[in-house]
Every structure is written in structure tokens, then in C-alpha cells.
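In the UniProt record's numbering, the protein residues as written are 1 to 81.
Here is the structure we will look at, set down as C-alpha cells.
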Amino acid sequence: MYERRIKEPPSIPPPPRGTVGSNRPPSDVRIGDFIYLAGAYQRVRDMRSAGTAAHRVLIFAGREPWIMREARITYRPIDFR
Numbered sequence: 001m002y003e004r005r006i007k008e009p010p011s012i013p014p015p016p017r018g019t020v021g022s023n024r025p026p027s028d029v030r031i032g033d034f035i036y037l038a039g040a041y042q043r044v045r046d047m048r049s050a051g052t053a054a055h056r057v058l059i060f061a062g063r064e065p066w067i068m069r070e071a072r073i074t075y076r077p078i079d080f081r
């Protein structure tokens with residue numbers, strides 16, 4: 001049997017349905033956005049300032065808070081208004 005010898009990085013699953021991805025700084029993240037952390041998309045439930053607008057403490061359901069220190073791809077639900 002053929003065995004692959006090249007280690008490929010694991011692929012990221014498709015983003016949550018009805019969302020659009022964009023590279024956003026911590027100051028632009030909103031409650032309800034999704035961020036890919038630890039192998040799963042986590043929805044931002046709440047957030048706190050971490051002293052400056054350049055850092056945010058993001059709070060998720062069922063996961064410990066996470067400090068966002070730099071721009072990252074976030075997935076925002078599409079607004080159909």
C-alpha cells in the first residue's frame with residue numbers, strides 16, 4: 001500500500017455558513033464574529049479591552065478567554081438588511 005511521506009498541514013474546515021471572512025484588527029472584532037481557534041470555529045460571546053485598542057480579550061462559550069493581539073481572519077455573519 002502506498003504511504004504518503006510528505007506531511008501536509010491539516011486543512012481548515014469551511015467557515016460557518018452565512019459568514020464572510022476578512023482580516024480584521026482586534027479593534028474591529030464584534031460580538032457574534034467567528035474565529036478559528038484550536039481546530040474549531042469559536043463564536044465571540046463577549047469581549048473586554050486589554051488596556052489598549054490594539055488588544056482585546058475575547059470570551060467564548062465553553063472555552064477560556066483568549067487575548068487577540070494582532071490582525072486575524074474573522075468570519076462575520078452576512079447582514080441582509
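The beta-carbon is built from N, C-alpha and C at its ideal position, and this holds for glycine as well.
Model, not experiment: these values are computed from the prediction.
Indicate the three-state DSSP secondary structure (helix, strand or coil) for residue i in the structure shown.
{"i": "proline 65", "result": "strand"}
{"i": "aspartate 28", "result": "helix"}
{"i": "arginine 48", "result": "strand"}
{"i": "phenylalanine 60", "result": "strand"}
{"i": "isoleucine 39", "result": "The displayed chain sequence assigns glycine, not isoleucine, to residue 39. Note: glycine 39 maps to coil in three-state DSSP."}
{"i": "phenylalanine 80", "result": "coil"}
When DSSP builds the beta bridges, which residues end up paired with residue i?
{"i": "proline 15", "result": "Answer is none; proline 15 lacks a bridge partner."}
Using C-beta distances below 8 Å, list every residue in its chain close to residue i, excluding the 5 sequence neighbours before and after it, in chain order.
{"i": "glycine 32", "result": "Arg43, Val44, Arg76, Pro77"}
{"i": "arginine 30", "result": "Val44, Arg76"}
{"i": "glycine 18", "result": "Pro77, Ile78"}
In its own chain, which residues sit with a C-beta less than 6 Å from the C-beta of residue i, not counting the 5 before and 5 after it?
{"i": "asparagine 23", "result": "Ala71, Ile73"}
{"i": "tyrosine 41", "result": "Pro16, Phe34"}
{"i": "tryptophan 66", "result": "Leu58"}
Pull up the distance between the alpha-carbon of residue i and that of residue j, whole angstroms please.
{"i": "arginine 63", "j": "glycine 21", "result": "22 Å"}
{"i": "phenylalanine 34", "j": "proline 16", "result": "8 Å"}
For this session: Tell me, please, whether the segment 73-81 touches the segment 47-58 by the rule of three or more beta-carbon pairs shorter than 8 Å.
Result: no
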